[in-house]
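See below for the structure under consideration.
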Amino acid sequence: MSRIRPLAASVVNQIAAGEVIERPASVVKELLENSLDALATRIEVDVESGGIEAIRIVDDGEGIHPDDLPLAVASHATSKLATAEDLFRVHTLGFRGEALASIASVSRMRIRTRRADALAGVEVEIDRGTLGTPQPCGCPPGTQIEIRQLFHNTPVRRKFLRTPATELGYVAEQFTRIALAHPRLHATLRHNGKIVHELPATDRLLDRLHLFHGAELAEDLIEVESEAPGVRLWGYVAHPRHSKSTRKGQHIFLNGRCIQDRALQHALGEAYRGLLMVGRFPIAFLFLEMPPESVDVNVHPTKAEVRFLDGQQPYRQLLSTLRTRFLGLDLDGTMRVPVAAGARSTSSGTGTLELSPPRVDPERQRQLLNEFADWAKDVTQAWRTNAPGDERPLVDPRKSPEELLQSPRWSARTDSPDEPAGDDSPRRAADGERESTAESDADEFGAGQIGAFDDFGPSRAMQVHDCYLVVETGDGLTVIDQHALHERILYEHLRRRVLEGAVESQRLLVPETVELGTREAAALAEHRDLLAQLGLSVEEFGGGTVLLTAYPPMLARADRAQLVRDVAEKLDSPAQPTRRDLLDELLHMMSCKGAIKSGQKLSPEEMSSLLAQRHLVNDAHHCPHGRPTALVLSRNELDRQFGRLG
Ligand code: ADP
Ligand code: MG
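So, in structure tokens, the structure goes:
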């Protein structure tokens with residue numbers, strides 16, 4: 000082994016750069032933080048090729064003293080700390096004195112700066128860490144820093160960079176975070192000379208949220224605020240009708256710094272417990288203000304993680320502030336179901352699902368449904384008592400549901416008095432026509448009853464609790480989860496089409512605009528052909544907005560904007576799954592979104608067509624998530640329960 004020797008400053012800086020400067024966005028973050036620490040009120044950020052070619056930041060801050068220029072780009076040199084104790088009362092965003100040195104060691108940098116009291120500015124170039132001779136120059140008060148050819152001397156790092164559009168997405172995300180934390184800052188972001196964001200200074204955070212996240216979310220934000228000794232918490236959280244499939248909608252700022260804190264994220268999740276579906280995450284913009292002495296920000300090189308002196312305090316405060324606020328709002332009562340495309344909507348743009356017109360007295364219908372529900376409960380109960388320990392009481396243990404469903408007895412109703420053989424009543428029922436015999440059945444069993452199963456022969460079904468279809472079969476009855484079955488049908492259909500390369504796609508006459516973060520928009524653009532394979536066409540519109548121009552018809556009833564947002568989030572995940580996994584995941588996502596929801600009332604025609612498609616799927620008894628789509632109660636079992644068998 001060789002002997003030990005100290006590393007050259009340039010190597011030390013490159014190692015440091017490895018920790019903090021991962022991509023152009025990290026440069027933008029560090030430079031923006033420096034400008035804010037220099038009390039800038041106006042910052043312009045210009046990037047070329049996603050920042051890979053050039054990044055320029057111009058601020059109107061205090062400027063750097065000309066004599067300090069060599070120190071500004073030296074490592075461990077800072078104007079923000081003097082003693083070790085200062086480290087425990089950091090009130091600036093930077094304090095490590097490392098960023099400029101690190102960036103300068105892996106790029107070509109030019110600094111122009113002028114303090115307000117100086118007559119002229121000074122300019123200096125730094126090439127891979129080597130400082131040139133400072134020259135006088137003309138420039139307004141403030142600092143301009145230009146970075147070119149990032150990572151040109153570290154080819155491995157450069158190779159890890161993604162497309163300019165994706166890198167721009169990361170840049171925009173950093174820009175957005177800082178702009179949210181500092182609404183009074185006038186901030187501009189340009190890419191290749193074109194404006195991405197132009198944000199005038201404002202006193203209202205809500206204005207920024209409106210700009211970045213669109214009116215739909217901004218109007219559904221709930222303001223929160225609370226004060227306890229040593230902690231002030233304020234900000235906005237989204238109504239539970241808005242949520243995300245990842246934690247990416249959660250912004251937590253501590254003293255103007257965007258932080259990642261698992262405990263606080265957990266508190267946020269707890270506050271929404273019971274208000275969101277499993278797997279969905281709340282959206283929040285929360286600001287904590289605490290005395291600098293009560294937090295240690297020197298935990299992680301990128302300063303994204305912090306350590307609280309008393310972590311319990313902010314956790315409890317966040318949880319109780321949100322919980323108390325939610326209690327006062329009666330959120331459950333105002334929860335709205337997303338509008339299916341084509342459904343009637345109210346003037347506010349949201350509304351309830353279209354209900355199929357009732358064919359019998361709704362009061363009577365409700366009564367019958369309740370009676371049925373009670374009966375079903377009793378039967379289940381009885382089964383449980385007779386078969387203790389059986390956790391799947393409604394499944395006939397002797398036969399697989401598949402077997403039962405495929406069995407010819409499914410259609411064995413030749414002895415049925417009201418459905419003579421050869422009768423085409425299902426089709427007529429589907430057309431809304433009914434024979435008098437069928438009519439009387441409708442009166443007896445409620446409006447949901449239909450003829451179904453063109454392929455299995457006539458059978459009868461009714462919807463209960465807007466969630467399950469109960470189907471009379473030749474061999475007993477089957478309870479079907481409407482969402483799970485439909486999801487499975489759509490999944491199989493779409494998968495087959497994708498494999499054949501023949502997904503139907505329907506062009507929108509008026510493209511649907513979807514507001515996303517710039518990063519998500521870039522991720523969508525990067526995966527355009529993958530999306531095309533799924534029948535989705537999206538075009539970039541700029542400023543984080545995309546246009547959905549075509550979609551597969553199976554998504555006709557889905558909230559397509561939400562789907563595009565979820566897909567974008569998935570595509571933007573740092574995990575970088577293989578194309579195959581991604582495709583499969585998107586198939587699942589699309590079939591789930593496209594499927595009838597539970598809680599949705601179905602018209603007899605809809606029920607009929609859903610049941611008629613059942614045989615098309617390979618695995619009709621499980622949804623793509625593996626949950627069962629159908630439970631079977633056999634005639635035999637019914638007879639046994641009611642003591643009709645010997
Ligand atoms: P840190 O921010 O941790 O102090 P940096 O390497 O980021 O370390 O910056 C080094 C020093 O350069 C800062 O302490 C500050 O004095 C000066 N500086 C950097 N950027 C600016 C700026 N935009 N305006 C004024 N001073 C700046
Ligand atoms: Mg800094």
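Going by numbering that gives the first Met the number 0, the residue at position 212 of the sequence shown is 211; the numbering climbs one at a time, nothing skipped.
Glycine residues also receive a C-beta, built at the ideal position from the N, C-alpha and C atoms.
Residue i Cβ short of 8 angstroms to ligand 2 heavy atom set
i    : result
N33  : yes
R256 : no
D571 : no
L68  : no
L86  : no
L99  : yes
Member of the options whose CA lies at the smallest distance from the CA of residue i
i    : options                   : result
T672 : V230, S244, F284 and A103 : No statement about residue 672 is possible, as the shown extent of the chain runs from 0 to 645 and does not include it.
K10  : A270, G234, R578 and T129 : Reading the sequence as shown, one finds Val at residue 10 and not Lys. Closest option to V10, Cα to Cα, is T129.
D295 : K600, L86 and G248        : L86
D648 : P182, L208 and V195       : Examination of residue 648 is not possible in this model, given that the chain is present from 0 through 645 alone.
R648 : P135, R556, L601 and E568 : With the chain covering 0 to 645 only, the question about residue 648 has no answer from this structure.
R494 : L581, V57, A164 and P313  : L581
W233 : A83, I251 and L637        : I251
N191 : G534, V46 and L585        : V46
L630 : L118, I479 and E224       : I479
T472 : A460, D465, F540 and H464 : A460
E52  : D260, R161, R231 and G500 : R161
G475 : E304, Q640 and L118       : Q640
G534 : T517, A555, E514 and R518 : A555
A171 : L489, A522, I110 and E226 : A522
E226 : L644, L489, A98 and Q316  : Q316
R655 : C138, A119 and I110       : Because the chain is modelled from 0 through 645, residue 655 falls outside the range shown and cannot be assessed.
P551 : Q173, D565, S536 and G541 : S536
L275 : L92, H238 and T165        : H238
Q612 : R518, V502 and Y490       : Y490
K302 : L204, A98 and A217        : A98
Supposed contact pair residue j and residue i - C-beta distance, whole angstroms, cut 8 angstroms
i    : j    : result
A520 : G543 : 5 angstroms
L59  : R88  : In the sequence on display, residue 59 carries Asp and not Leu. That pair is no contact at about 27 angstroms.
A180 : G255 : 5 angstroms
L210 : V236 : So it is not a contact: roughly 18 angstroms between Cβ atoms.
G229 : T142 : The pair is not a contact, with the Cβ atoms about 34 angstroms apart (cut-off 8 angstroms).
H485 : L609 : 6 angstroms
T187 : I177 : In fact, because the Cβ distance is near 12 angstroms, the residues do not count as touching under 8 angstroms.
R564 : V513 : 6 angstroms
L205 : A217 : 6 angstroms
heavy atom of ligand 1 below 8 angstroms from residue i C-beta
i    : result
D91  : The sequence shown places Thr at residue 91, rather than the Asp named in the question. True, at least one ligand heavy atom lies under 8 angstroms from that Cβ.
K79  : yes
G96  : yes
A71  : yes
L30  : yes
T142 : yes
T37  : Here residue 37 turns out to be Ala, not Thr, going by the sequence shown. Indeed, a heavy atom of ligand 1 lies less than 8 angstroms from the Cβ.
L130 : no
T162 : no
G120 : no
G17  : no
E288 : no
V76  : Looking at the sequence shown, residue 76 is not Val but Ala. Yes.
D58  : yes
T82  : no
I63  : yes
T301 : no
T40  : no
T676 : There is simply no residue 676 to check, as the chain begins at 0 and stops at 645 in what is shown.
T153 : no
T112 : yes
Meets three-Cβ-pair contact criterion under 8 angstroms: the segment 61 to 81 and the segment 97 to 111: yes
message: Closer than 8 angstroms is the cut-off here; do at least three beta carbon pairs connect the segment 0 to 15 with the segment 30 to 39?
response: no
- request: State whether the segment 257 to 274 contacts the segment 585 to 599, with contact taken as three or more CB pairs (one from each stretch) at a distance under 8 angstroms.
  value: no
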